[in-house]
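Trainee: One structure coming up, written as C-alpha cells, with questions to follow.
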Amino acid sequence: MSEIESRDFIRQIIHDDLESGKHEHIVTRFPPEPNGYLHIGHVMSICLNFGISEETSGWTYLRFDDTNPSRESEEYVAAIERDLCWLGFDWGDRLTHASDYFERLYAAAVTLVEADLAYVDSLSADEIREYRGTLTKPGRNSPHRDRSAEENLNLLERMRNGEFAEGEYLLRAKIDMSSPNMNLRDPALYRIRHVTHQHTGDTWSIYPMYDFAHTMSDAFEGITHSLCTLEFEDHRPLYNWFLDQLKPSHRPRQIEFSRLNLAYAITSKRKLSALVEEGIVEGWNDPRMPTIAGMRRRGYPAAALREFVKRGGVTKKNKLIEMGVLENCMRENLGDESERRMAVLRPLKVVLTNYPDEKVEMMEAMNHPGRPEMGTRELPFSKELWIEQDDFMEDAPRKFFRLKPGGEVRLRFGYIIRCDDVIKNDAGDVVELRCSYDPDTRSGTGSSDRKVKGTIHWVSSEHAVDASVRLYDRLFTEVNPNSAEDFHAVLNAGSLETVSAKLEPSLAELKPETAVQFERLGYFCTDSEEHSVDARVINRIVTLRDSWSKLEKQAMQQQGKT
RNA sequence: UGGGGCGUAGCCAAGCGGUAAGGCAUCGGGUUUUGAUCCCGUGUACCGCAGGUUCGAAUCCUGCCGCCCCAGCCA
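Heads up: the first sequence at position 75 corresponds to 307 in the working numbering, and the numbers run straight through without jumps.
Quick look at the structure:
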C-alpha cells in the first residue's frame, strides 16, 4: 500500500492546479442535453465531475445544455434530475440551463460581430457544405464573409426579431476556411429556429450552437475544468478561440477523457431512443436498458453502479468493459446487503411419502449466512414441496450432486431426502418425484450432521405464493453492438423470459423496489411499476456465480469435439 | 492521401530513465446445509513493431504499423 493513491490523469492535473495555487476551488459541471435518458456512459461523467468536486471541496453545476429546442423536452429534464438524485449526487442550488445565458450569449455574439470576428452568412446549408471543402481539401470563403459590421449587426438583430425564415441566415465565426481542423472553418454560432423552447418559450427565434454556448456557459459559471469525452478534442481549439477573443473573467480549461463502453450494450441516445420508439423494449426504463432508469428498475444498487464506474478508470484509451465487471459489482454489493430467501423458478413437485399428511413444521432459516444480526425467519415444511426442475436429473453425470433416482440431497434448512420414484406423464416428462425423508436429519438438530453432497432449495407447495419472475439477459448478441451496421440484426431474441415462480410465504408482501437473494439462483428485485402484493412481479438483477454451469458448458464442448 | 487522439496479460489499469503494481476474468486447492460467500495459491505481458540515445528505456528520440474521432444550420 503506497501512501499516495495513484490518481488518474485528470485528478493529477487538478491536484497540480490546487497545489500551484492556480485555483482555490475546483468547479465542474455535468451538462446533459435533455433529449433522452441518461445511460451508463453518463454515469461515468457524473461520477467524475461530482466526484472531483466532492474530493476537493469544490462544487458542480447541473447544467442543461438546452440549445436545440427541436429535440429537447421537459420529460427528459425531469428524468435526468431523478436519475442524478437516485445515483446519490446533489447539485444544491446550482441547477442551470444554457438557456439562462441566452441574453449574455447574444451580447457576446454582438461583440464578435463588432470586432469583425463573426458575420452573417446567407448561403444555404448545401452551399455551406460545399464551401467547407473536405478533410483533404481546404474550404473557400463565403461570398458574404466581408459584409460590414454594421450590416452584420443589422442582420443579426433582425434574425433575433424573427424576420427571417429558418435557414435563410446563419451567424458564423470568422476564423479560417483552410484550417486542417474542420471545426475552425467558420463554424456556425447561431441558427434561426422558429420553435418553442421548453424553457424559454417563444422569446427567441435564434439559438446558439453547442461550441459557442458551452464554452461561454463554462466561463460564466466559473468552471475551472470542463471535462468532456474524446470526440470533442478537435473542438478544443475552437473552445480556446472563443476564450481568446472574448476574454471572459474566468478561463475554463477543457480536458477530454474516453467514454465508457459496456460490452453487449448500446450507449448511443439515438439508438436507445430507437429501441424505445420501435417497441423493442418497453420504455426508457426497461430493465434491459443500460439507462440509469433501466438499471435502477432492474435492481442495480446505486452504490454498485458507482463502484463499477470507478473500476473502469479514467484514461484516453477507447475501452469496452466486460459485462462480468458490472455483474460482479452487483454481486458484491447485493451479497453483503440483501437478505436471503427461497424461491423456485421452474417448479417440480416432490411428495414425501413417509411424511405425515397434515403435518407442518416450521424451520428456522438465516436471513444472511455471514451476518447473523440480520436475523432469521421461519419456513413451513410439509409433505408436498416444490423443487427446481434443474435440481433433478434422471441420468446424472458423476459430478452432479443434486437429486437423482435413488440419490440423496439435503433440503436447505430442512431434511435429507431420497428420491425413490420418478413419475412421468404420457409425453415422458418428469412431473413428480416420490421421495422419503430421514426424520433424524432435521436442520439445526444435533443429529443433523449427516453429510450429503448436495443442498437444494425448496418451497412448501401448500404455503407457496405465486410470482411472475422475469429473467433478463443481454439485449444484444454482439460484444460491441455500437459498431454493428444495423443493431436490429444483433438483437438477442432471448433477452427476456418470464416464468411463474413459487415463493416462500415470507415474500408475500414485499414492497416494490426491494432486492433479495433467492438462494442458489441470484439476486432479484420487485418491479417498481408492476409489482403489488396481489400480483407479484419480480426482476432478476443478476445470477449467482455458477461454477456448475461452467462445468456443464465445458463438458458440452468436449462432447462436441470428440 | 488533411487534422486530432490512442496502443502495458482475455477485460480494465498503475508506471513519469533503474530493470513490469492492482482489480476483474482464468486455472488449481481449502472451508461451506447457497456448486454462493470466504480463504489461499496461480500469469513466459517479445510494455504495437523496428531502429537509435544511455551503464541502463514501457518510460527519451526517429521511422513504421494498427485502432478511434472530425466534412450537422446536433451535442
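Just so you know, even glycine gets a beta-carbon here, dropped at the ideal spot from N, CA and C.
Fair warning: this is a prediction, and the values are worked out from it, not measured in the lab.
Just to confirm my understanding: we take Arg530, look at its own chain, exclude 5 residues before and 5 after, and list those with CB closer than 8 Å. What are they?
Mentor: If we look at Arg530 and ignore the five residues flanking it on each side, its Cβ neighbours are Pro519, Arg520, Tyr704, Cys757, Asn771 and Ile773.
Trainee: Going by beta carbon distance, what residues of the same chain come within less than 7 Å of Tyr363, once the five residues before and after it are set aside?
Mentor: Only Leu355, Gly371, Arg372 and Ser374 meet the Cβ criterion.
Trainee: How do the region 531 to 541 and the region 704 to 717 stand: do at least 3 beta-carbon pairs fall below 8 Å, yes or no?
Mentor: Cβ pair count under 8 Å is below three, so no.
Trainee: Measure how close the beta-carbons of Leu611 and Glu736 come, nearest whole angstrom, since I'm counting them as under 8 Å.
Mentor: 6 Å between Cβ atoms; contact.
Trainee: Determine, using beta-carbon pairs with one atom in the region 247 to 260 and one in the region 490 to 498, whether at least three such pairs fall under 8 Å.
Mentor: At 8 Å Cβ cutoff, the stretches do not touch.
Trainee: Can you give me the C-alpha to C-alpha distance between Lys501 and Thr523, rounded to a whole angstrom?
Mentor: Taking the straight line joining both Cα atoms gives about 10 Å.
Trainee: Got a sec? Which residues, its chain only, sit under 6 Å from Pro263 by beta carbon, not counting five neighbours each side?
Mentor: Cβ neighbours of Pro263 beyond the five flanking positions: Arg295 and Asp297.
Trainee: Measure the C-alpha to C-alpha separation of Asp249 and Ala451 and round it to an integer number of angstroms.
Mentor: If I take the Cα positions, the gap works out to 17 Å.
Trainee: With a CB to CB cut of under 6 Å and the five nearest residues on each side skipped, what residues in its chain are close to Pro579?
Mentor: Excluding residues within five positions, the ones whose Cβ falls inside 6 Å are Trp618 and Lys734.
Trainee: Along the beta strand (DSSP E) that carries Asn771, what are the first and last residues, could you check?
Mentor: Run containing Asn771: Val769 to Thr775, per the beta strand (DSSP E) assignment.
Trainee: Quick one: what's Asp568 bridged to in DSSP?
Mentor: Its beta-bridge partners do not exist; DSSP assigns none.
Trainee: Just checking my contact of Arg377 with Tyr351 at CB under 8 Å: how many whole Å lie between their CB atoms?
Mentor: Correct: roughly 6 Å between the Cβ atoms.
Trainee: Rounded to whole angstroms, what is the Cα-Cα separation between Ile648 and Gly676?
Mentor: So the two alpha carbons sit approximately 12 Å from each other.
Trainee: Which residue comes first and which comes last in the beta strand (DSSP E) that contains Asp698?
Mentor: Taken as a continuous stretch (DSSP letters only), the beta strand (DSSP E) holding Asp698 covers Val697 to Tyr704.
Trainee: Report the three-state DSSP secondary structure of Gln621 (helix, strand or coil).
Mentor: Gln621: helix per DSSP, three-state reduction.
Trainee: So, helix, strand or coil for Phe241, using DSSP?
Mentor: Three-state result, Phe241: helix.
Trainee: So which of Thr709, Gly646, Arg650 and Gly567 has the shortest CA-CA distance to Phe750?
Mentor: It is Gly567 whose Cα lies nearest to the Cα of Phe750.
Trainee: Looking at Gly320 and Ala535, is the spacing between their C-beta atoms short of 9 Å?
Mentor: Contact flag set, yes.
Trainee: Which word fits Ala357, buried or exposed, when buried means at least 16 other C-beta atoms lie within 10 angstroms of its C-beta?
Mentor: So Ala357 counts as exposed.
Trainee: Can you give me the start and stop residues for the alpha helix (DSSP H) that Leu462 sits inside?
Mentor: Here Leu462 belongs to no alpha helix (DSSP H), and DSSP marks it neither H nor E.
Trainee: Where in the region 251 to 321 do unbroken runs of the beta strand (DSSP E), each at least 3 residues long, occur, reported from the N-terminal end onward?
Mentor: Within the region 251 to 321, the complete beta strand (DSSP E) runs of at least 3 residues are 259 to 262 and 291 to 296.
Trainee: Do you know whose CA, among Val427, Met448, Tyr669 and Thr447, lies nearest Tyr439's CA?
Mentor: For Tyr439, the nearest C-alpha among the options comes from Val427.
Trainee: In the DSSP output, which residue or residues are listed as bridge partners for Tyr532?
Mentor: Answer is none; Tyr532 lacks a bridge partner.
Trainee: Looking only at its chain, what residues have a beta carbon closer than 6 Å to the beta carbon of Glu554, apart from the 5 residues adjacent to it on each side?
Mentor: For Glu554, where only same-chain residues beyond five positions count, the Cβ hits under 6 Å are Ala495.
Trainee: Are Leu643 and Leu665 close, meaning C-beta to C-beta below 9 Å?
Mentor: No; because the gap between Cβ atoms is not below 9 Å, this pair is not in contact.
Trainee: Taking Cβ positions, are Phe444 and Ile424 nearer each other than 9 Å?
Mentor: Cβ distance not < 9 Å, so Phe444 and Ile424 don't count as in contact.
Trainee: Between Glu235 and Phe613, what straight-line distance do the alpha-carbon atoms span, to the nearest angstrom?
Mentor: Low local confidence applies: a pLDDT of 40 at Glu235 is under 50, so the model's placement there is unreliable, and no value is given.
Trainee: Can you name the residues that DSSP bridges to Asn493?
Mentor: Asn493 is bridged to Leu552.
Trainee: Quick check: the Cα distance between Thr746 and Ser693, rounded to an integer number of angstroms?
Mentor: Taking the straight line joining both Cα atoms gives about 24 Å.
Trainee: Considering only residues of the same chain and omitting the five flanking positions on each side of Leu327, which have a CB-CB separation below 7 Å?
Mentor: Taken in chain order, the residues that qualify are Leu294.
Trainee: Are Leu739 and Gly754 touching if we call contact CB-CB under 9 Å?
Mentor: For Leu739 and Gly754, no; Cβs fall outside 9 Å.
Trainee: Among Asp408, Val748, Ser570 and Val769, which residue has its Cα nearest to the Cα of Glu729?
Mentor: Minimum Cα distance to Glu729 is reached at Val769.
Trainee: If I measure Cβ to Cβ from Ile246 and keep anything under 7 Å in the same chain, skipping five residues before and after, which residues do I get?
Mentor: Contacts found: Ile258, Ile284, Thr288 and His457.
Trainee: If Arg572 and Asn599 are in contact, beta carbons under 8 Å, what's the gap, nearest whole angstrom?
Mentor: The pair is a contact, with the Cβ atoms about 6 Å apart (cut-off 8 Å).
Trainee: By the three-class DSSP mapping on this structure, what secondary structure does Pro469 have?
Mentor: Reduced to three states, the DSSP call for Pro469 is helix.
Trainee: Helix, strand or coil: how does DSSP classify Ser781 here?
Mentor: Three-state result, Ser781: helix.
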